[in-house]
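Per the UniProt record's numbering, residue 1 is the first one in the sequence shown, and the count goes up by one each step. Here's the structure, in structure tokens; my notes come after.
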Amino acid sequence: MGSAMPMAGATPAAACTPGVTPYNLLRWEKDIEERNRPLTDEELDMMFPLKGYKILDPPASYVPIRTPARKLLATPTPLGTPLYQFPEENCGQRFDVPKEVPGGLPFMKPEDYQYFGALLNEDEEEELSPDEQKEQKIMKLLLKVKNGTLPQRKTALRQLTDKARESGAGPLFN
């Protein structure tokens with residue numbers, strides 16, 4: 001039967017169990033060492049059936065570990081491998097999303113770029129045709145209605161409703 005507790009000496013016990021008294025720590029280590037002791041031939045015979053198994057002789061070059069210091073170094077631990085570190089992930093970093101939206105517009109979510117991506121082009125408004133200027137203005141107002149603060153939403157919606165007749169349905173719904 002296995003034990004849910006780690007072997008004694010696998011990791012520094014003081015680092016894993018803060019606040020444990022030395023007496024309880026010694027008792028715990030003694031209990032773990034008793035559970036993880038090598039099994040005798042009699043105990044193995046009781047565990048396994050008599051038929052179907054063959055006892056093999058150990059290889060001639062096998063030398064069991066007898067010194068406690070070598071036992072401690074025999075099993076590598078996570079604390080014993082200081083050269084490996086988990087790679088750090090910068091979860092807040094987005095490569096294709098600009099930090100700020102120009103022109104005093106509200107923050108644009110990544111899913112909004114397919115609709116409002118044209119607003120990020122820093123073309124001069126004077127260079128655009130009147131229809132394109134009208135579309136830009138309507139897109140800015142729609143973005144403010146969608147992602148803006150409450151006052152921005154109210155004023156943008158009011159401007160959209162007031163100027164809906166003069167701008168027409170085409171630029172508004174395209």
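No residue lacks a Cβ here, since even glycine has one placed at the ideal position from N, Cα and C.
Assigned secondary structure, residue i (DSSP; H/G/I helix, E/B strand, else coil)
i: PHE107; result: coil
i: PHE173; result: helix
i: TYR62; result: coil
i: PRO151; result: helix
i: LYS163; result: coil
i: LEU39; result: coil
i: VAL145; result: helix
i: TYR113; result: helix
i: GLU34; result: helix
i: PRO130; result: helix
i: LEU56; result: coil
i: LYS137; result: helix
i: GLU29; result: helix
i: LEU157; result: helix
i: ASN24; result: helix
Residue i burial status per 10 Å Cβ neighbour count (16 or more: buried)
i: LEU119; result: buried
i: residue 201; result: Residue 201 is absent from the model: the chain starts at 1 and stops at 174.
i: LEU25; result: exposed
i: ALA14; result: Reliability of the predicted coordinates at ALA14 is poor, the pLDDT of 49 falling under 50, and no value is obtained from them.
i: MET108; result: buried
i: ALA156; result: buried
i: LYS154; result: exposed
i: ALA169; result: exposed
i: LEU44; result: exposed
i: LEU143; result: buried
Given residue i as reference, the closest of the options once Cα atoms are compared
i: PHE116; options: VAL145, ASP131, LEU128, TRP28; result: VAL145
i: GLN152; options: THR21, ASP31, GLY104, THR40; result: GLY104
i: ILE55; options: GLU42, ILE32, PRO64; result: GLU42
i: GLY148; options: PRO106, VAL63, TYR62; result: PRO106
i: ARG66; options: ARG37, GLN114, LEU150; result: ARG37
Sequence-distant residues of the same chain with beta carbon closer than 8 Å to residue i, five excluded per side
i: LEU172; result: ILE138, LEU160, ALA164
Residues near residue i by beta carbon distance below 6 Å, same chain, minus five either side
i: TYR53; result: none
i: ILE112; result: It should be pointed out that residue 112 corresponds to Asp in this sequence rather than to Ile. Hits under 6 Å: none found.
7 Å CB neighbourhood of residue i in its chain, flanking five on each side removed
i: ASP57; result: none
i: PRO21; result: Note on identity: in this sequence residue 21 is Thr, with Pro being the wrong assignment. Closer than 7 Å at the Cβ level, and outside the excluded window around THR21, lies no residue.
Any non-hydrogen atom of the ligand MG within 7 Å of residue i CB
i: VAL20; result: The ligand MG is absent from the structure shown, which contains no ligand whatsoever.
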